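Asker: Protein chains in written order, with the numbering used here: chain A, 1 to 298; chain B, 299 to 1077. The beta carbon of each residue, even a glycine, is placed where N, CA and C say it ideally should be. Model, not experiment: these values are computed from the prediction. Take this structure first; my questions come after.
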Amino acid sequence: MLGLISRIQRFSVSDGPGIRTTVFVKGCNLRCMWCHNPETQNTKPEMMFYEQNCVSCGKCVKACSTSLGDTTDNKIKRFDRNYCDISGACADSCLHGALELIGRDIDSDEIVDIALKDLKYYKNSGGGLTISGGEALLQKEWVKDIFTKTKEKGIHNALDTALNVKWDEVKDIFQVTDLVLLDLKCMDDTVHQYYTGVSNEQILDNAQKLSREDVDIIVRIPVIMGVNDTHANMSATATFLNSFRRLKQVELLPYHSFGMEKSRYLGKESRVFETPTNERMTALKDCFTKKNIKAIIV
Amino acid sequence: MVSEGIKNKIEQWFDKDYRLTFYERIQYLIESEPLFEELSYAPRYGKTLEYILKNISVFIQPEEKLIGSVKEVLPTDEEYKIGAALTDNWWNIPLEEVQEKISWFYSYGWLKRRAPWFYSFGHIGLLWEDMLTKGLGEFKQKAEISLQQIKETDDMSKTEFLEGAIICYDAISQFILRYAECVGGEIEKCSSETRKNELRRMEDACRHISYNAPRNLYEALQLLWFITLVFMKVAGCGVLDYGRMDQYLYPFFKADIEKGILTRKEALNLIIEFFYKNNEIMAPTDHMSQENEAVLYSLEVAYDDPNYIIIGGLLEGHKPGVNEVSHLFIEAAHALKLRNPFVVVRYYDGIEDAFWYKVCDAMRDNATIVIYNDMTMIEALQKYGIEKSDAYEYGFYGCNDPHIAGKQSGLRQLWFNLALPLVLALNEGKNPLSQDNNQESNESLYTLEDRMIGLMTQSYSGTKTMPVKEMKSMDDLLNAYRMQVRFLLEKYREAIEKDFAMEKKWNKGRIRIEDCFLEGTIEDQITWNDGGTKYHHIIAQASGLATVVDSAAAVKKLVFDEKSITLEELVDTLNNNYQNNPNLQMKLKNKSEKFGNDIEWVDAFAVQIVNIYCDEIERVNKKEYTYSLIPTLSSDRAFTTMGEIIDATPDGRGKCDIISENQSPSLGADQNGLTALLNSVSKIPFNRITGGPLNIRIHPSAVKGEKGLEVLQAAFKTFFEDRGLQVQINVVSKEDLLEAQKRPEKYKNLCVRVTGYSAYFVQMGKKAQDELISRTEMH
């Protein structure tokens, strides 16, 4: 079974416990303005153009399948997004690492094989496989196929999701999932809609349902100054999570601007936010610890 | 944990003027030159040592418990001139004469300040345990008995050898007694009653250990320190393998604790002081950056090369060796994070968790600790003639050379450039960079200089093998590669056997200080150099593995799988240094499969190349040879020099560019994460390889906090369970290294693992710094 991914990261140490292999799927139904993986939003392949590596040799233009080379009399020597049909031929031809085709279909069995390569590292570190995104549950059947097979091999499965999906369509995934990395953004729906493009109603409803499943949960919250870094928001989140019996911890991720560079390579607009101070982060962490919820700043 | 006193001294050490010199050694060496000229070699050697040890200053520093320091001064211009001229006076002679005097010399830097009648190059381990359980007196007695036994001999060189040794033992004993006198004198002057008592104990200790075996941990460390001081700073015998310190010190520690005369904390403080002393006598230089001002200036005999301390590991009978003293050594290394000494931890399956986590924690904090794997080393050593019981006792001296302390010869090496036979195999045995390609006239392929230094500095040509146009598969190419490796090793063996035959004649009775503390030398009246010890090895350090593996992968893919270019065309392009096809070079460099990414078919070549190398090494080891070759995967930092004799290679590497370093992938080629790198490397058949480092640079964020430690220990443990050989890490970001280049004053204590030694980053040359910065960073 095929799934669309952006990349696979081995020796991943920040997506669940231990040493993990993290698969980033492509395609998301949220549009968080601070997104740090903007290349995973689209459900189609995209070109990343690392302009600083380009030496204007013109190879990409010659290789281009839209016959850009013929029509322009070879005057254009660099990648031009306006003509791009995302065939990836230019990336194949580039010898300077200036072009990369993001997004490829990959067989679930290949993912299993790659995951198995580091099996011993998982065992020794309490790690495993994480499928992240994008929104992994948009390709639920594919994820389920992988998790079923990796579970058989004794691999710990973690699923990173925002849960903005129809519960009934995805709920069987949790039978083969050991840990859910649940991404929550903010409790106020107006704010949520403004910054992510979608309502949080379904998300929170699903989260409640998830809490009754037989699966560990780590809640991850990106903390963005002026968006969700308020005492009120974190306290509300803590109250919401209070009844989650298999909640392992809450991870607070201070905003960073790595996503901006990637947006530039994708030719996309992006918005800058600010990172909360360390003091602020500690104060927000206390909102959880006060309610006896373990919280860490990552 | 570290006392304020030592902390301050370390601070001062960082600001030490590199011109400070232990000038007394030079002064008394010069003075003694005419005094004993009439004597034969060994007695003269002994007398020279005695003269220097009698005259150099002895003094104690405030608060210290372990004593023994050298007096450093800023030489006057006149003094400096005299000191610097010595090397020329002694060694500006034809190479043949140098060979006649010393046989072998590692590098020209090592000739400096070493007199032809008083030299040692160190790189050796001693009978440390005997030293501590028997004392100096018994060593002397052993020599006296040996002398009795050969009373009737006609071979004067044997008698003289022993006489020389006895003078050396006495000289060391007398030197220690001078310290006893010195401490005694301090007692009167001291006003503190506590310190007075301490000094009395120290004086008593010095008197006792000047001849007898130490009675407690303190005396044991004090004796080891005196020996180190004499060996390194006076005799020039540095880069010591201290052997398994946690094992031979444990009985002292245990007895002291049981008697109630020592606490754990006091033991730790003593070890910290021992570490500190090891670092204190070092010059603030990086010896591998020979172009640096400080190195060029230095008048020292052993300036910054580290001593190795071996910790942990299995005991004979496969029993776990970690004990409480093992813990103390790791704690000391972590507390100080100094460049020296260099701690080697020996991993074994089932190693105690608490100890293992402690080791990994210290390493991620950049302590000078590396890990070797008992599960491969013990097996590998036995393949090269080391008996099983001795194999359990293995250690190392710098850089990463395997050693059985007390039973083995000192360093002799051949840096074997693995890329050279590849170039030869692609060119029917001809070397494109060589003028003279007449294979049959290659009487002695290796120049005298190359043999003496152990480095291939010339573009040798090889033996005739199959022309590339006839090669039908990778097997044909690899077979030609094997023939070239065989040819190069056979020629080397031929050449050095001739050297040895002559050396045996020249060397007779030429004692070196280390001969006094080895097994077999004194008993049999023969120097280690001539075959006195049980084991004799030439460390055959294979360099450039990844360059060859990546090249083989490129040929397989392009020529035999894709068939996009013929091997003939490819070789033509290489001989043109890719000038006629720069695109191909870019493609091979940037878009080809490389070693270090856990790609089965690529890594398979690493297995094949290492097996070929080890097979051929075994072929040139025969029972009748005194010295056998023992293979490691180690280039140190010489991979730059080694690249200079190598034509362009099929991995996209240009003519004369660097080859890959040590066990590592080609620079920056490993792009698939730490686990992929470790999986690739652990496929190498390390049960045939006896040393060599794997350098890994890790971004601090990947190993921070509790989670980071868990990750690191698991990564290392898995690697060793998978039978990897060695790891050493630097946990520092590229940004920090760049910042350190800009503001060295802020980073003066940034200590990094280079290859078989550590260095302070800001003391390294720019080239060495840049190499470190361009290593792949694991996130």
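By DSSP, does A/GLU269 sit in helix, in strand, or in coil?
Answerer: Looking at A/GLU269 - three-state DSSP - the assignment turns out to be coil, as it is neither helix nor strand.
Asker: Please work out which residues of its chain come closer than 6 Å, Cβ to Cβ, to A/HIS156, disregarding the five sequence neighbours upstream and downstream, and give them in chain order.
Answerer: GLY128 and ASP178, listed in sequence order.
Asker: Which residues share a DSSP beta bridge with B/SER933?
Answerer: None; B/SER933 has no bridge partner.
Asker: Kindly indicate which three-state DSSP category B/ARG261 falls into: helix, strand or coil?
Answerer: Since the first and last residues shown for chain B are 299 and 1077, residue 261 of chain B lies out of range.
Asker: Nearest to B/LYS407 by alpha carbon, out of B/THR1053, B/ARG498 and B/ASP584?
Answerer: According to the sequence displayed, residue 407 of chain B carries Gly and not Lys. Considering only alpha carbons, the answer is B/ASP584.
Asker: Go ahead and label A/GLN41 buried or exposed: buried means 16 or more other beta carbons lie within 10 angstroms of its beta carbon, across all protein chains shown.
Answerer: When all chains shown are included, A/GLN41 counts as buried.
Asker: From which residue to which residue does the beta strand (DSSP E) around B/TYR670 run?
Answerer: Note, B/TYR670: beta strand (DSSP E), 667 to 671.
Asker: Hey, B/VAL1030 and B/VAL1050: beta-carbon distance below 8 Å or not?
Answerer: Their beta carbons are under 8 Å apart, which means B/VAL1030 touches B/VAL1050 by this criterion.
Asker: Pull up the DSSP beta-bridge partners for A/PHE49, would you.
Answerer: A/LEU99.
Asker: Would you report the Cα separation of A/SER87 and B/ALA902, rounded to the nearest angstrom?
Answerer: The straight-line gap from Cα to Cα measures roughly 33 Å.
Asker: Please check if any C-beta of chain A sits within less than 8 Å of the C-beta of B/LYS363.
Answerer: Chain A, which has no Cβ nearer than 8 Å to the Cβ of B/LYS363, makes this no.
Asker: Apart from the five residues just before and just after B/LEU425, which ones in its own chain have a Cβ nearer than 7 Å to its Cβ?
Answerer: Hits under 7 Å: GLY704, PHE815, LEU816 and GLU817.
Asker: Is there at least one Cβ from chain B nearer than 8 Å to A/PHE11's Cβ?
Answerer: Taking Cβ atoms only, chain B reaches closer than 8 Å to A/PHE11, which makes this a yes.
Asker: Taking its Cβ as the centre, do 16 or more other Cβ atoms sit within 10 Å of B/ASP386, making it buried, or is it exposed?
Answerer: B/ASP386 comes out exposed.
Asker: Identify the contact partners of A/ASN164 in chain B, using a Cβ-Cβ distance below 9 Å as the criterion.
Answerer: Those do not exist, as A/ASN164 stays about 28 Å from chain B at its closest Cβ, beyond 9 Å.
Asker: Straight-line CA distance for B/TYR378 to A/LEU253?
Answerer: Their backbone Cα atoms lie some 60 Å apart in a straight line.
Asker: Can you give me the start and stop residues for the alpha helix (DSSP H) that B/TRP389 sits inside?
Answerer: 375 to 389 is the span of the alpha helix (DSSP H), which, as asked, contains B/TRP389.
Asker: Classify B/TYR250 as helix, strand or coil using the three-state DSSP reduction.
Answerer: Residue 250 of chain B lies beyond the range of chain B shown here (299 to 1077); nothing can be said about it.
Asker: Kindly confirm or deny that the region 1029 to 1049 of chain B and the region 988 to 1000 of chain B touch, where touching means at least three C-beta pairs closer than 8 Å.
Answerer: Enough Cβ pairs lie closer than 8 Å, so yes.
Asker: Check whether chain A comes within 8 Å of B/ASP651, counting only Cβ atoms and requiring the distance to be less than that.
Answerer: No, because no Cβ of chain A sits closer than 8 Å to the Cβ of B/ASP651.
Asker: With A/VAL170 as the anchor, note down where its alpha helix (DSSP H) starts and where it stops.
Answerer: Element bounds for A/VAL170: 167 to 170.
Asker: Note the first and the last residue of the continuous beta strand (DSSP E) segment covering A/THR150.
Answerer: Looking at the DSSP string, A/THR150 is not in any beta strand (DSSP E); the run it does join, the alpha helix (DSSP H), is 140 to 152.
Asker: Going by the beta-carbon positions, is the gap between B/TYR349 and B/SER330 smaller than 8 Å?
Answerer: Cβ atoms of B/TYR349 and B/SER330: closer than 8 Å.
Asker: If you measure from the beta carbon of A/SER125 to each beta carbon in chain B, is any gap under 8 Å?
Answerer: So, interface residue.
Asker: Are the CB atoms of B/GLU914 and B/ARG791 nearer to each other than 8 Å?
Answerer: It is not a contact, given that the beta carbons lie outside the stated cut-off.
Asker: Any beta-carbon of chain B closer than 8 Å to the one on A/ASP118?
Answerer: It does: the Cβ of A/ASP118 has a partner Cβ on chain B nearer than 8 Å.
Asker: Just the C-alpha distance for B/HIS835 and B/PHE627, rounded to the nearest angstrom, thanks.
Answerer: Rounded to the nearest angstrom, the two C-alpha atoms are 29 Å apart.
Asker: DSSP has B/ALA840 in a bridge; who is on the other side?
Answerer: Answer is B/PHE714 and B/LEU931.
Asker: Relative to the alpha-carbon of A/LEU241, which residue among A/GLU274, A/ARG271 and A/CYS287 has its alpha-carbon at the smallest distance?
Answerer: Looking at the Cα atoms, A/CYS287 is the closest of the given residues.
Asker: Using three-state DSSP, classify B/ALA850 as helix, strand or coil.
Answerer: Helix.
Asker: For the region 1015 to 1033 of chain B, which residues have a CB atom closer than 8 Å to at least one CB atom of chain A, in sequence order?
Answerer: Answer in chain order: LYS1015, THR1016, GLU1019 and ASP1020.
Asker: Going along chain A, which residues have a C-beta under 8 Å from B/GLU436?
Answerer: Those do not exist, as B/GLU436 stays about 47 Å from chain A at its closest Cβ, beyond 8 Å.
Asker: Would B/ASP896 pass as an interface residue toward chain A - the criterion being a Cβ-Cβ separation below 8 Å?
Answerer: Yes, its Cβ sits closer than 8 Å to a Cβ of chain A.
Asker: Could you name each continuous beta strand (DSSP E) segment of 3 residues or more that falls completely within the region 646 to 694 of chain B, going from the start of the chain to the end?
Answerer: The region 646 to 694 of chain B contains these whole beta strand (DSSP E) runs: 667 to 671.
Asker: What residue range is occupied by the uninterrupted alpha helix (DSSP H) comprising B/LYS1064?
Answerer: Note, B/LYS1064: alpha helix (DSSP H), 1064 to 1071.
Asker: So, is B/SER596 buried or exposed, given that buried needs 16 or more other C-beta atoms within 10 angstroms?
Answerer: Burial call: buried.
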